[in-house]
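Numbering (our numbering), first residue to last: -3 to 173. From the three backbone atoms N, C-alpha and C, an ideal C-beta is built for every residue, glycine too. Computed from a predicted model, the values in this text were never measured in an experiment.
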């Protein structure tokens, strides 16, 4: 298989995520225009897969400026899932809207939170039943690229089929339309 890469297309409307512009950032107010962006996987120049994603930091406890800025970056495959389920990937070498850079550990010098590619499953509960998938009402991003669980699983299957393994970095570009 040729070189695998990803293109993320953010729609301008995604930045307009507040239902009430005068209201507070909250679970009930930050869910407008959710999952309008697209994640596309390419092999060479051929599109292999596309799916909707959330790329704007709409999580009530996040800062909107933690949203990944347009430009090139990488996805480091198979990072430690910690509280997440399934295989997640780290966003590396990206800038956010305030100009902070994410390093190879997917963190920024002034913020120890991680910038990730993950899905909408709720954080792991203890004890957890691996056969039960519970997702959030909407995709909540704190600067992450958030997928539906089936879509992230498919994206990771494509990466695996291309011979990509944990630690490999997939080149990506985010554009705004």
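Practice problem: Tell me whether residue 110 sits in a helix, a strand or coil according to DSSP, three-state version. | Solution: coil
Quiz prompt | Buried or exposed (CB count within 10 angstroms, at least 16 for buried), residue 146 | solution = exposed
Quiz item: How many Å lie between residue 18 and residue 105 at the Cα?
Solution: 32 Å
Practice problem: Tell me whether residue 32 sits in a helix, a strand or coil according to DSSP, three-state version. | Solution: coil
Quiz prompt | Counted within 10 angstroms of its Cβ, other Cβ atoms place residue 62 as buried (16 or more) or exposed | solution = buried
Practice problem: Would you decide whether residue 37 is buried or exposed? Buried here means 16 or more other CB atoms lie within 10 Å of its CB. | Solution: buried
Self-check item: Nonlocal neighbours in the same chain, by C-beta distance under 7 Å from residue 108, ignoring five residues either side
Solution: none
Quiz item: Buried or exposed: where does residue 22 fall if 16 or more other Cβ atoms within 10 Å of its Cβ makes it buried?
Solution: exposed
Exercise. Count the CB pairs spanning the region 72 to 91 and the region 48 to 56 that are closer than 8 Å, and state whether there are at least three.
Key: no
Self-check item: Closest by C-alpha distance to residue 96, when choosing among 75, 59, 80, 72
Solution: 59
Quiz item: According to the neighbour-count rule (16 or more other Cβ atoms, all chains shown, within 10 Å of its Cβ), is residue 99 buried or exposed?
Solution: exposed
Exercise. Using beta-carbon positions only, say whether residue 6 and residue 170 come within less than 8 Å of one another.
Key: yes
Quiz item: Looking at residue 73 and residue 149, is the spacing between their C-beta atoms short of 8 Å?
Solution: no
Self-check item: Buried or exposed (CB count within 10 angstroms, at least 16 for buried), residue 12
Solution: exposed
Quiz item: If you follow the beta strand (DSSP E) that residue 77 is part of, which residue opens it and which one closes it?
Solution: From DSSP, residue 77 is part of no beta strand (DSSP E); its letter is neither H nor E.
Self-check item: Length-filtered (3 minimum) beta strand (DSSP E) runs lying within the region 43 to 98
Solution: 67 to 75, 84 to 88
Quiz prompt | Contact with chain B by residue 5, beta-carbon distance below 8 Å | solution = This model lacks chain B altogether, as it is built from one protein chain only.
Self-check item: residue 142 in three-state terms, based on DSSP
Solution: strand
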